[in-house]
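S.K.: In our numbering, the protein residues as written are 2 to 622.
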Amino acid sequence: MKKIALISDGWRRMITYAWVDGIIRRIRELDEDIALYQYNCYGNWSKDALHNTGEYNIYNLPDLSAFDGIILDGSNIVDVRQKEKIVERLQNCGVPVLSLDWYISGFYYVGADNRRPIRELMTHLYEVHGCRRFVFAGGPEDAFGNFERVAAYCECLKKYGMTLDDNPILCGDYDYETGVNYMREYVHSGSKLPDVFVCANDNIAAGICAEAEQWGYRVPDDFLVTGFDNLDKAAYFRPQITTVFQDREEIGKLCVDVLLRIWEGKPVEERNYIPVTCIYGESCGCPNNGMVNYREYIKEKIVAAVKKDEDDSLLVELEAQMARCNGFREIFEYIVDYFQKLRCDGVYFVVDRKLFAADEDTDFPVEGYDEKNLVVADGFENHKRMAFASVGELNRHLEETGSQNAYLFTPIHFREQSVGYLVMKNGRFLYDNPYYYDIHSTIVKTLETQFKQKQLENAANKLQMLYNRDPLTGICNRIAYTDIIRPAFAKYQEKGIACALVFVDADDFKSVNDTYGHEFGDQVLIRIAQVLEEECPQQGYVCRYGGDEFIGFFPYATSKKAQQYTDRVQSRLTKENIMISIGVELTFAGGEETIDEYLSLADQNMYRQKQMRKESRKNID
């Protein structure tokens, strides 16, 4: 099986699924044994540079040399450093690289011939509609598509003997608001309007038309407008916008054809173009092209709105479910259930195991991923829950079952720190609902909130442990008797489970201190604490109650277990010439006595043992 990597950056919050759809359609049409691995981020959406660093780190995940071909959709990468970095890696990977709608020397260009349709539009405007004053309403100055369209515009001006001073080029963004701003600036400046705004895309064209109407102008009566891309907002706008049709799915299909020719050793052109068509409509003074069905379009929009509401409701429900979760495992279960309701064939979550520990000093990688710590947290495929012992096992599964399928890899990160990634198989719902960022960011924000909450809990627990620990012996202190042992007693008492309370006192400890010094006395106390804790049964506690007094507590107690415990403790300490007195009291399951009452009885039993030992020594003397 051959593998193709698609490196892409979303536009704003949207993902361009048309590339993927075209690639997979062509692979299946030709019945080729090929899998597509897409690595997508949203590195141009946030204003937080550190967040964007975490997004772009997904490009560091794949071993590019392990692929048979690579497709770069880099037009939306606005971070120059990131753009240069990925281009350099691709240039050195030793694999044929195709670049979508962005010419890079050494790569194969696949996309539209941006110059030819602009030339055709300019000729139409000049010869058919008599336009003599032009403005090019452009997008980003350094965007390849915009650069090519500007170049064709300049060629035409030169051909007609016109200058840029009289027929200027405007630079902005590719969005609707850019068109609004262009029109608003013209109105506020008092400049004479041109015969036509030749726009870099349909978004800008629609913005100009709409804003012009706000100021009392009408297109095409007062001036003409053209767009590019043949988006819905061109075909169904009022006026219907003259535009250029380019089929993005055809670009995806052409990518497959080009790679197949390369693999077969056949000659391939450096630039590979899809067919494009100028579509003339009302905004340039031509009649409505009649290519649209308005009622069908409205029906589709209604159905799409209903589906979008359903998808939004599912996401809101997921958000509420995740907010109620107490741990990561439960969160991942809900997320996997959510994706099973979408139109996709599978999803896997790969995360750094340090996520689950949530230590307060945890740091995740900024560059690349900590592969030795990555685990598959959860996942499903074809409505079946899947589990993998390692990420390597998951990767082998993807390769073994990947033929004619598309895998989407997206980053999971907390700002610049990379926690892992999500793998989605055949996310067909993205074609109709391209706002995948909303889904993805909701999930990642919930994981980050849970992580920070766990960090705070762990930090609080550590402080509580320090608060409850005796600094000399390291075991629980008297505060812990109230905070830990007392609640444990109440829990076992409620369940009807008998417990043992043990009261321990070091014999003649004042004499030991006076004779050997306080440092020696401290070592005696430390040793008593160690033995008491080492011999304490499971689920039990030992605390220093004060001075040379200690308390032991453990559940599921019997007289035999309690006696065995005290015998082991006294035997070990006696061998070290450390003498202690011990009193034990068993709680009555379901009784009404308090723990303090039981402790008082254990203290009395200890005192009796101490007195008996004193009497015994007197008799010997």
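Positions of the beta carbon are idealized from the N, C-alpha and C atoms, including for glycine.
Classify TRP216 as buried or exposed, calling it buried when 16 or more other Cβ atoms lie within 10 Å of its own Cβ.
M.R.: Position 215 of the sequence shown, counted from the first residue, corresponds to residue 216. So TRP216 ends up on the exposed side.
S.K.: Looking only at its own chain, which residues have a Cβ that is under 8 Å from the Cβ of GLU534, when we skip the five neighbours before and after it?
M.R.: Position 533 of the sequence shown holds residue 534. Result list for GLU534: ILE476, VAL543, in chain order.
S.K.: For the beta strand (DSSP E) that contains PHE135, what are its first and last residues?
M.R.: If you number the sequence shown from 1, residue 135 lands on position 134. Element bounds for PHE135: 135-138.
S.K.: Does ASN478 come out as helix, strand or coil in the three-state DSSP assignment?
M.R.: The sequence position of residue 478 within the sequence shown is 477, counting from 1. ASN478: coil per DSSP, three-state reduction.
S.K.: Are there three or more Cβ pairs, one per stretch, closer than 8 Å when the region 381-394 is compared with the region 8-23?
M.R.: Counting Cβ pairs under 8 Å, fewer than three are found: no touch.
S.K.: Once the 5 residues before and after GLY286 are set aside, which same chain residues still bring their CB inside 7 Å of it?
M.R.: To locate residue 286, count along the sequence shown from 1; it is residue 285. The residues HIS130, PRO221, LEU225, in chain order, have a CB closer than 7 Å to that of GLY286 in the same chain once the five nearest residues on each side in sequence are set aside.
S.K.: Pairing CB atoms from the region 479-488 with CB atoms from the region 373-381, are three or more of them under 8 Å?
M.R.: When Cβ pairs closer than 8 Å are counted between the two stretches, the region 479-488 is seen not to touch the region 373-381, the count staying below three.
S.K.: DSSP on THR243, reduced to helix/strand/coil?
M.R.: As a working note, residue 243 is residue 242 in the sequence shown. Looking at THR243 - three-state DSSP - the assignment turns out to be strand.
S.K.: Tell me the DSSP secondary structure of ASP80 in three-state form.
M.R.: Within the sequence shown, the letter at position 79 stands for residue 80. When DSSP states are grouped into helix, strand and coil, ASP80 belongs to the coil group.
S.K.: When the Cα atoms are used, what is the spatial distance from LEU31 to ASP258?
M.R.: In the sequence shown, counting from the first residue as 1, residue 31 sits at position 30. In the sequence shown, counting from the first residue as 1, residue 258 sits at position 257. About 10 Å.
S.K.: According to the neighbour-count rule (16 or more other Cβ atoms, all chains shown, within 10 Å of its Cβ), is HIS441 buried or exposed?
M.R.: To locate residue 441, count along the sequence shown from 1; it is residue 440. That one is buried.
S.K.: Can GLU265 and MET2 be called in contact, C-beta distance under 8 Å?
M.R.: One-based indexing of the sequence shown puts residue 265 at position 264. One-based indexing of the sequence shown puts residue 2 at position 1. No, the Cβ-Cβ distance between GLU265 and MET2 is not below 8 Å.
S.K.: Check the C-beta distance from GLU250 over to ARG29 and give it rounded, since I have them as a contact under 8 Å.
M.R.: Here residue 250 is taken as the residue at index 249 of the sequence shown, counted from 1. Here residue 29 is taken as the residue at index 28 of the sequence shown, counted from 1. Incorrect: roughly 13 Å between the Cβ atoms, too far for contact.
S.K.: Measuring CB to CB, does VAL188 end up less than 8 Å from ILE170?
M.R.: Counting from 1 along the sequence shown, the entry for residue 188 is found at position 187. Counting from 1 along the sequence shown, the entry for residue 170 is found at position 169. No, these two residues do not count as a Cβ contact at 8 Å.
S.K.: What number of angstroms, rounded off, separates the C-alpha of ASN61 from the C-alpha of GLY369?
M.R.: Within the sequence shown, residue 61 is the residue found at index 60, counting from 1. Within the sequence shown, residue 369 is the residue found at index 368, counting from 1. Between ASN61 and GLY369, the C-alpha separation is close to 5 Å.
S.K.: Leaving out five residues before and five after GLU271 in sequence, what residues of the same chain have Cβ atoms less than 8 Å from its Cβ?
M.R.: Counted from its first residue, the sequence shown places residue 271 at position 270. Closer than 8 Å at the Cβ level, and outside the excluded window around GLU271, lie TYR109, TYR110.
S.K.: So, is ASP515 buried or exposed, given that buried needs 16 or more other C-beta atoms within 10 angstroms?
M.R.: Here residue 515 is taken as the residue at index 514 of the sequence shown, counted from 1. The residue is exposed, with fewer than 16 neighbouring Cβ atoms inside 10 Å.
S.K.: Considering just the uninterrupted stretch of the alpha helix (DSSP H) at GLN539, what are its terminal residues?
M.R.: In the sequence shown, residue 539 corresponds to position 538, counting from 1. Counting along the chain, GLN539 falls outside any alpha helix (DSSP H), and DSSP gives it neither H nor E.
S.K.: Beta-carbon within less than 6 Å of GLY421's beta-carbon, same chain only, minus the 5 sequence neighbours each way: which residues are those?
M.R.: Within the sequence shown, numbered from 1, the residue matching residue 421 stands at position 420. VAL351, VAL352, ASP353, ILE413.
S.K.: How far does the alpha helix (DSSP H) with PRO118 in it extend, from its first residue to its last?
M.R.: Residue 118 sits at position 117 when you count from the first residue of the sequence shown. Here the alpha helix (DSSP H) through PRO118 covers 116-128.
S.K.: Comparing alpha-carbon positions, which option in PHE148, LEU502, LEU587, ARG120 lies nearest PHE551?
M.R.: As a first step, residue 551 must be located in the sequence shown, where it is residue number 550. Nearest C-alpha to PHE551: LEU502.
S.K.: Give a yes or no on whether the C-beta atoms belonging to ASP174 and GLY140 are separated by under 8 Å.
M.R.: The residue given as residue 174 occupies position 173 in the sequence shown. The residue given as residue 140 occupies position 139 in the sequence shown. Yes.
S.K.: Which two residues bound the contiguous alpha helix (DSSP H) that contains VAL257?
M.R.: As a working mapping, residue 257 is identified with position 256 in the sequence shown. Per DSSP, VAL257 belongs to the alpha helix (DSSP H) from 249-264.
S.K.: If you follow the alpha helix (DSSP H) that ASP203 is in, where does it begin and where does it stop?
M.R.: For this step, residue 203 is matched to residue 202 along the sequence shown. It spans 203-215 - the alpha helix (DSSP H) in which ASP203 sits, taken as one unbroken run.
S.K.: Residues bridged to LEU101 by DSSP?
M.R.: Your numbering for residue 101 matches position 100 in the sequence shown. DSSP output for LEU101 lists VAL111 as bridge partner(s).
S.K.: So, do the region 44-54 and the region 271-282 have three or more beta carbon pairs nearer to each other than 8 Å?
M.R.: no
S.K.: So within the region 404-445, which uninterrupted beta strand (DSSP E) runs reach at least 3 residues, ignoring any that extend past its ends?
M.R.: Runs of the beta strand (DSSP E) inside the region 404-445: 407-415, 418-426.
S.K.: For ARG325, which three-state DSSP category applies?
M.R.: For the purposes of this step, residue 325 is taken as the residue at position 324 of the sequence shown. Of the three classes helix, strand and coil, the one that applies to ARG325 here is coil, per DSSP.
S.K.: Shortest alpha-carbon distance to ILE263 belongs to which of ILE71, GLY497, SER106, GLU586?
M.R.: Taking the sequence shown and counting its residues from 1, the one referred to as residue 263 is at position 262. The residue with the shortest Cα to Cα distance from ILE263 is ILE71.
S.K.: Tell me PHE554's beta-bridge partners as DSSP assigns them.
M.R.: Numbered from its first residue, the sequence shown carries residue 554 at position 553. Partner(s): LEU502, TYR542.
S.K.: Could you give the DSSP three-state label for ASP509: helix, strand or coil?
M.R.: Translated into positions along the sequence shown, residue 509 becomes position 508. Coil, per DSSP.
S.K.: Taking the CB atoms as reference points, tell me whether PHE510 and ASP549 lie closer together than 8 Å.
M.R.: As a first step, residue 510 is located in the sequence shown; it is residue number 509 there, counting from the start. As a first step, residue 549 is located in the sequence shown; it is residue number 548 there, counting from the start. Cβ distance < 8 Å, so PHE510 and ASP549 count as in contact.
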